[in-house]
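Right, one structure below, let's go through it.
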Amino acid sequence: MTDTSAAPPDSTADADAALKDGSRIAVIGGGPAGSMFTYFLLDMAERVDMRLDVDIYEPRPFTKPGPAGCNMCGGIVSESLVQNLAVDGVWLSSDVVQRGIDSYVLHTDVGSVRIATPNDEMRIGAVHRGGGPRDVTEAKWESFDHHLLSNATERGAKVISTRVEEVGRANGHPTVRVKGGEPVSYDLVVVATGVNTSILKTFEGLGIGYQRPKLTKTLIREYYLGEDVIAQTVGTSMHVFLLNIPRLEFAAVIPKGDYVTMCLLGDDIDKELGDAFASAPEVRAIMPEGWDAGAASCQCLPHINIHGVEKPYADRFVFIGDSGVTRLYKDGIGAAYRTAKAAARTALFEGVSERAFRENFMPVCQSIHGDNRIGEYAFVLTRIAQRLRIMRRAIIAITRDEQANGRRPRLSGVLWDIFSGSAPYSDIFRRMFDPMLAVRGIAAMPGVLVSTIRSTELAPGPFRHSDPGTPEVKA
Amino acid sequence: MSEAALGRFYEDGEVIVRQGEVGDCMYVVQDGVVEIVREADGHEIQVGSAGRNEVVGEMAIFDRHPRSATIKAKGRARVLTLDKRNFLRRINEDPALAFRMVETLSRRIRLLNDQVVALQAQLDQRDG
Ligand SMILES: Cc1cc2nc3c(=O)[nH]c(=O)nc-3n(C[C@H](O)[C@H](O)[C@H](O)COP(=O)(O)OP(=O)(O)OC[C@H]3O[C@@H](n4cnc5c(N)ncnc54)[C@H](O)[C@@H]3O)c2cc1C
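Just so you know, the protein sequences line up as chains A and B, in that order. The opening residue of the first sequence carries number 2 in my numbering; numbering runs sequentially from there. The opening residue of the second sequence carries number 10 in my numbering; numbering runs sequentially from there.
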């Protein structure tokens with residue numbers, strides 16, 4: 002680090018801190034946040050006839066199968082992100098989207114229920130972030146991260162395929178150094194390294210007020226089933242599990258092209274917890290007969306950001322995606338899109354000073370932050386449901402009734418939004434306390450108390466989860 | 010066209026939205042082509058078409074009038090539906106989301122201007 006003396010806030014005169022023709026920008030990390038930032042920055046710069054030089058530092062070869070090319074994740078491109086990218090003109094072709102997802106299936110020990118999208122449309126995408134699991138020999142699909150990075154380079158960005166070792170400051174400008182290289186000065190450094198990297202520590206030493214996000218460990222496994230077998234078994238649904246397995250909070254099984262991805266959240270996640278989940282009867286029930294839970298093609302234990310950074314910006318620095326603020330447990334790529342675009346808009350139209358980021362970028366981070374606090378309460382309720390059998394029964398009974406009898410999807414809508422991350426938690430939370438929902442809960446109770454529900458029986462039928470006619474009910 | 014991808018398939022001639030209906034969605038063509046036709050006095054006039062990555066039916070999101078034209082698949086097409094609610098919420102946070110919509114609308118106006126000029130020329134020829 003060249004200059005560690007803490008600069009007084011807003012030391013950069015605003016006029017100097019505006020980007021102009023020939024300004025140089027370093028983007029550290031070419032995952033979704035870094036690539037989308039670059040794409041939108043260069044797209045908007047072109048609209049105002051400005052020429053910018055963007056270097057993306059990204060060591061991962063995203064086309065390679067196995068861990069080297071993969072930013073470990075469940076690979077769900079959420080309903081809202083699919084829509085936003087479509088409006089923005091970022092086309093996700095069927096080479097990238099391995100499977101369109103049209104429904105969620107909630108599995109519990111007391112039964113399962115399917116919640117479908119309107120018109121049976123595929124509104125959610127399942128992708129591989131890299132070239133796929135280790136044993137992929139012939140690439141049939143394009144890596145999602147490679148696709149986004151290509152969009153950025155098509156706009157004129159340069160990729161430097163090396164890891165950044167050190168970030169510093171000299172003469173009021175940030176510098177970036179790669180192994181064996183000299184520090185290079187930039188007008189703006191955009192940090193998009195995610196959280197599975199040691200470099201975040203370096204930023205704490207810079208005196209810019211950055212403190213790393215809080216993290217927790219997760220587990221991901223990939224199983225090869227083959228395209229046809231997946232079509233007949235797991236299908237085009239994302240399967241979510243509320244099971245009373247010690248230490249397990251939440252689990253999902255997501256169908257891709259030839260593979261299914263298993264994602265686990267919980268306390269002290271480890272391989273044993275993965276094995277316990279994989280051998281649960283509810284999981285075996287959706288997998289093909291004779292499936293070997295021990296035969297995973299890939300396994301990893303990545304970190305996830307559970308409490309974002311308080312100050313994800315400084316003079317000529319901005320932290321986007323997971324290295325800054327993201328959504329709790331859901332739609333991390335969608336949050337990366339939001340923070341990336343807010344940072345790009347700010348840098349181009351408002352400048353790169355601390356003040357510009359505080360006033361124009363931070364509100365988006367705060368909105369995500371604030372919503373996460375509400376999300377924590379929503380997750381407390383799912384935790385209770387996980388422990389209370391009667392509550393699980395009620396959830397299954399009410400949702401089935403809504404789906405089968407074409408009732409207004411009060412609970413189905415809440416569940417859909419919790420699983421898919423397609424609405425703010427505040428919105429979901431308010432609808433959880435819809436009085437009509439309580440009425441349905443009470444009405445369902447006698448049945449819940451006496452009956453057992455067969456876990457194989459799935460309620461069919463499409464439903465409208467965002468029924469515009471649903472009256473807004475305040476909690 | 011892959012069966013696994015985003016959106017929904019519409020067969021040749023299948024109607025995506027119908028003129029006169031009230032709508033709260035717009036559409037982005039994922040694959041194939043859709044045509045925009047106006048129905049008047051029992052016959053149809055094609056007023057435009059849209060291909061991959063193009064937005065159609067966006068007017069219903071901004072003005073609250075019934076659909077001004079029918080949109081239907083020309084050949085097999087895959088189309089993604091976008092909700093008004095999600096779009097307006099997002100545009101509130103990110104006005105840049107409107108850039109492409111404005112671009113689309115300007116292109117349409119340009120096209121309309123050309124058509125007006127061409128029609129005027131035809132009329133002049135006939136009268137003159
Ligand atoms: C188990 C699990 C399941 C998830 N499932 C989903 C899901 O289904 N849908 C969803 O939307 N989100 C999901 N997420 C969250 C999602 O993975 C992240 O939100 C998303 O990847 C964040 O993108 P990013 O660009 O900020 O970071 P990343 O994707 O982590 O990318 C960071 C990039 O920076 C590069 N980098 C790091 N250090 C350096 C350095 N020193 N120099 C140069 N480059 C560097 C890395 O190589 C990497 O390419 C999941 C997360 C976990 C852990």
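We put the beta carbon where it would ideally sit given N, CA and C, even for glycine. Keep in mind the model is a prediction, meaning the values are calculated, not measured.
- With its beta carbon at least 8 angstroms from every one in chain A, B/Val42 lies outside the interface.
- About 4 angstroms separates the beta carbon of A/Ser95 from that of B/Ala14, a gap short enough to meet the 8 angstroms contact definition.
- A Cβ-Cβ contact shorter than 8 angstroms links A/Ala445 with A/Ala398.
- Close to chain A, meaning a Cβ-Cβ distance shorter than 8 angstroms, are the following residues of the segment 57–76 of chain B: Arg61, Asn62 and Val64.
- Between B/Asp40 and B/Ala86 the beta-carbon gap is near 7 angstroms, inside 8 angstroms, which marks them as a contact.
- Looking only at A/Pro303, A/Gly258 and A/Ala253, the smallest Cα-Cα distance to A/Ala281 is reached by A/Ala253.
- Secondary structure note for B/Glu63: it is in no alpha helix (DSSP H), with a DSSP letter that is neither H nor E.
- Under the DSSP assignment, A/Asn306 falls in the beta strand (DSSP E) whose first and last residues are His304 to His308.
- Residue-level contact check: A/Arg359 does not touch chain B, since none of the beta carbons of chain B fall below 8 angstroms from its beta carbon.
- With a cut-off of 7 angstroms, the C-beta of A/Asn72 is classified as near ligand 1, since at least one heavy atom of the ligand falls inside that distance.
- A distance below 8 angstroms separates the beta carbons of A/Pro289 and A/Leu226.
- Contact with chain B is absent for A/Lys65, since none of that chain's Cβ atoms lies less than 8 angstroms from the residue's Cβ.
- The alpha-carbon of A/Ile116 is positioned some 29 angstroms away from that of A/Leu302.
- 8 angstroms or more divides the Cβ of B/Val125 from the Cβ of B/Lys81.
- Not one heavy atom of ligand 1 sits closer than 7 angstroms to the Cβ of A/Thr154.
- At a beta-carbon threshold of 9 angstroms, none of the residues of chain B lie near A/Gly75; the nearest stands roughly 17 angstroms away.
- Distance between A/Phe362 and A/Ala343, taken at the CA atoms: about 5 angstroms.
- With a threshold of 8 angstroms between beta carbons, A/Arg346 makes contact with chain B.
- Within 8 angstroms of the CB of B/Thr79, no CB atom of chain A is found; the nearest one sits about 17 angstroms away.
- A/Ile385 counts as exposed, since fewer than 16 other beta carbons sit within 10 angstroms of its beta carbon.
- A/Ala357 and A/Ala348 have their alpha carbons spaced roughly 8 angstroms apart.
- Distance between A/Asp54 and B/Glu53, taken at the CA atoms: about 50 angstroms.
- Boundaries cannot be given for A/Gly210, as no beta strand (DSSP E) includes it and DSSP labels it neither H nor E.
- CA-CA distance, A/Arg359 to A/Gly325, rounds to 13 angstroms.
- Residue contact with chain B for A/Lys342: present (Cβ-Cβ distance below 8 angstroms to some residue of chain B).
- Secondary-structure assignment with DSSP links A/Pro175 through a beta bridge to A/Arg170.
- For A/Glu167, the shortest separation between its Cβ and any heavy atom of ligand 1 does not lie below 7 angstroms.
- Between A/Glu223 and A/Cys299, the CB-CB gap stays under 8 angstroms.
- With at least 16 other beta carbons inside 10 angstroms of its own, B/Arg17 counts as buried.
- For A/Tyr40, the enclosing alpha helix (DSSP H) begins and ends at Pro33 to Arg48.
- Inter-segment contact for the segment 96–114 of chain A and the segment 152–165 of chain A is absent: fewer than three beta-carbon pairs are separated by less than 8 angstroms.
- For the 8 angstroms CB-CB criterion, A/Leu189 and A/Arg346 do not form a contact.
- Among the residues of the segment 299–311 of chain A, none has a Cβ less than 9 angstroms away from any Cβ of chain B.
- A straight-line Cα-Cα distance of about 28 angstroms links A/Trp142 and A/Ala286.
- Chain-ordered, the chain A residues with CB closer than 9 angstroms to the CB of B/Leu106 read Asn85, Val88, Asp89 and Lys342.
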